[in-house]
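These protein sequence lines map, in sequence, to chains Z and S.
Last residue of the first sequence: 221 (the working numbering), numbering continuous.
Last residue of the second sequence: 221 (the working numbering), numbering continuous.
Protein chains: 2
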Amino acid sequence: MKPAVLLLSGGLDSATCLALARRQGFDVYCLSFDYGQRHCAELDASRRVAAALGAAEHRVINFGLAQFGGSALTDTNIAVPIGGVQPGIPVTYVPARNTIMLSLALAWAEVLGSRDIFVGVNAVDYSGYPDCRPEYIAAFETMANLATKAGVEGVKLSVHAPLINLSKAEIIRTGVALGVDYGLTVSCYQADARGRACGQCDSCRLRAEGFAAAGVADPTSYLA
Amino acid sequence: MKPAVLLLSGGLDSATCLALARRQGFDVYCLSFDYGQRHCAELDASRRVAAALGAAEHRVINFGLAQFGGSALTDTNIAVPIGGVQPGIPVTYVPARNTIMLSLALAWAEVLGSRDIFVGVNAVDYSGYPDCRPEYIAAFETMANLATKAGVEGVKLSVHAPLINLSKAEIIRTGVALGVDYGLTVSCYQADARGRACGQCDSCRLRAEGFAAAGVADPTSYLA
Chain Z
-2 MKPAVLLLSG GLDSATCLAL ARRQGFDVYC LSFDYGQRHC AELDASRRVA
48 AALGAAEHRV INFGLAQFGG SALTDTNIAV PIGGVQPGIP VTYVPARNTI
98 MLSLALAWAE VLGSRDIFVG VNAVDYSGYP DCRPEYIAAF ETMANLATKA
148 GVEGVKLSVH APLINLSKAE IIRTGVALGV DYGLTVSCYQ ADARGRACGQ
198 CDSCRLRAEG FAAAGVADPT SYLA
Chain S
-2 MKPAVLLLSG GLDSATCLAL ARRQGFDVYC LSFDYGQRHC AELDASRRVA
48 AALGAAEHRV INFGLAQFGG SALTDTNIAV PIGGVQPGIP VTYVPARNTI
98 MLSLALAWAE VLGSRDIFVG VNAVDYSGYP DCRPEYIAAF ETMANLATKA
148 GVEGVKLSVH APLINLSKAE IIRTGVALGV DYGLTVSCYQ ADARGRACGQ
198 CDSCRLRAEG FAAAGVADPT SYLA
């Protein structure tokens, strides 16, 4: 089995990505992050998802993005928008978050001798984040192959983003077909400690619309 | 004054880089890292250097690279080579280290509204690390401009590596001309708690040869 490193947030997309990587025959080393986000419910969810989908290993890395602030997800003085998805890059954008996470995945991949990193970013039903676009992923892959000893030695590292061109409904149908239990996942930007979702933030809206469009019952626990 | 974010290790190169950035008129926000390296003497040195050279701010970020290991600098079971600089990438290479550090600098730069990141990498008298080469720095810059909200909005971010084509002697002469006190810096991979250098690791050898070639008295404190 080939080892792969996968960014696991505990949300719907990364759980589906894990199921896809497993189906492709990878031994999947899952990496989650405590970066000062608003709640830990997604980390709890990541542990459930990693166990349910047969991760080879699951680690949680700390890094202190909250000390920089600048995002509704890392600065409690900036409110999470609940009025509906708007055009443009929202205040929930966390500067350089995916780059930092992919860089830490790159470090682990190189130590493991893995040539494959998986990330569940999605550029269709998404929040307009720049670091979810195909051109960003391609540029990260190019950079990664110049950054590493493996790259210098001619071992090509691939950054797989298998969900990038799927709609949320397609992602959900894919996951359901692979046996993903979305009841284990938490997507809400401001879930409570038990993982119950607000139902109003962009992430909740995109998720709920995805279940509706897919014709799949929504297993999300919502706050009353 | 324009804000810039600078990676500050506490060593000779990053101190020189800070002096150059200050001379260019930047307000310099220095970033150092506790990533599980062998000793904290370089973090102490980074604090001294930041203060001496007039940094606008200096922060230390933690991230747990030691849990991945795979380098003599993060795994105490792997010895630091002391036999002299050899061809190829040495075991002191830390997988993805510069990528992780530059990513965290990118996060801070975006929050500060800065368009400039400085890094004191050097591809002449160096240890063969892949993430010190000009093609790597260029690829990181390209990726960074796709990763960020500022990049999407057309604000170009530059990654400056002003030492990249200088010899160690040229770096030292540059720093001396700018008033850098290299006695404040620690380059050794295995310095003791007081910052005294082993004199035998690659970093010590390149530094000592640089002072000799520059015709500058070496202010380094060596272990007996």
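For each residue, glycine too, the CB sits at the ideal point set by N, CA and C.
* Which of helix, strand or coil does DSSP assign to Z/Tyr219? -> strand
* To do: Indicate whether the contact test is met: 3 or more Cβ pairs, each with one atom in the stretch 81 to 100 of chain S and one in the stretch 98 to 107 of chain Z, closer than 8 Å.
  => yes
* **First through last residue of the alpha helix (DSSP H) which encompasses Z/Glu39** => 38 to 49
* To do: Drop a sphere of 10 angstroms on the beta-carbon of Z/Met140, count the other beta-carbons inside from all chains shown, and report buried for 16 or more, exposed for fewer.
  => buried
* To do: Identify the contact partners of Z/Ser100 in chain S, using a Cβ-Cβ distance below 7 Å as the criterion.
  => Ala93, Thr96, Ile97, Ser100
* Are the C-beta of S/Val115 and some C-beta of chain Z separated by less than 7 Å? -> The sequence shown places Phe at residue 115 of chain S, not Val. Not one chain Z Cβ lies under 7 Å of S/Phe115.
* To do: Tell me whether the beta-carbon of Z/Ala1 lies closer than 7 Å to the beta-carbon of Z/Phe30.
  => no
* Using DSSP bridges, identify the partner residues of S/Glu54. => S/Tyr26
* To do: Just the C-alpha distance for Z/Met(-2) and Z/Asp41, rounded to the nearest angstrom, thanks.
  => 27 Å
* Hey, could you find the ends of the beta strand (DSSP E) Z/Ile161 is sitting in? => Z/Ile161 -> no beta strand (DSSP E), and no H or E assigned at all.
* Going by Cα to Cα distance, which pick from Z/Gly117, Z/Ile75, Z/Ala205 is closest to Z/Leu15? -> Z/Gly117
* **Where Z/Phe137 falls: helix, strand or coil (DSSP)** => helix
* Applying a beta-carbon distance threshold of less than 7 Å, which residues of chain S neighbour Z/Asp128? -> Ala144
* So, helix, strand or coil for Z/Asp10, using DSSP? -> helix
* Asked: List, in order along the chain, the chain Z residues whose C-beta lies closer than 8 Å to that of S/Val108?
  -> Phe65, Gly66, Gly67, Pro92
* With 16 as the cutoff for other CB atoms within 10 Å, does S/Ser155 come out buried or exposed? -> exposed
* Nearest neighbour of S/Thr13, chosen from S/Cys37, S/Ser218, S/Ala136, S/Val183 [CA to CA] -> S/Val183
* **Z/Tyr126 versus S/Gly180, S/Val149, S/Gln64, residue with shortest Cα-Cα distance** => S/Val149
* Asked: Residues in the stretch 131 to 158 of chain Z with C-beta within 8 Å of chain S's C-beta atoms, listed in sequence order?
  -> Glu132, Tyr133, Ala136, Phe137, Thr139, Met140, Ala141, Leu143, Ala144, Thr145, Lys146, Gly148, Val149
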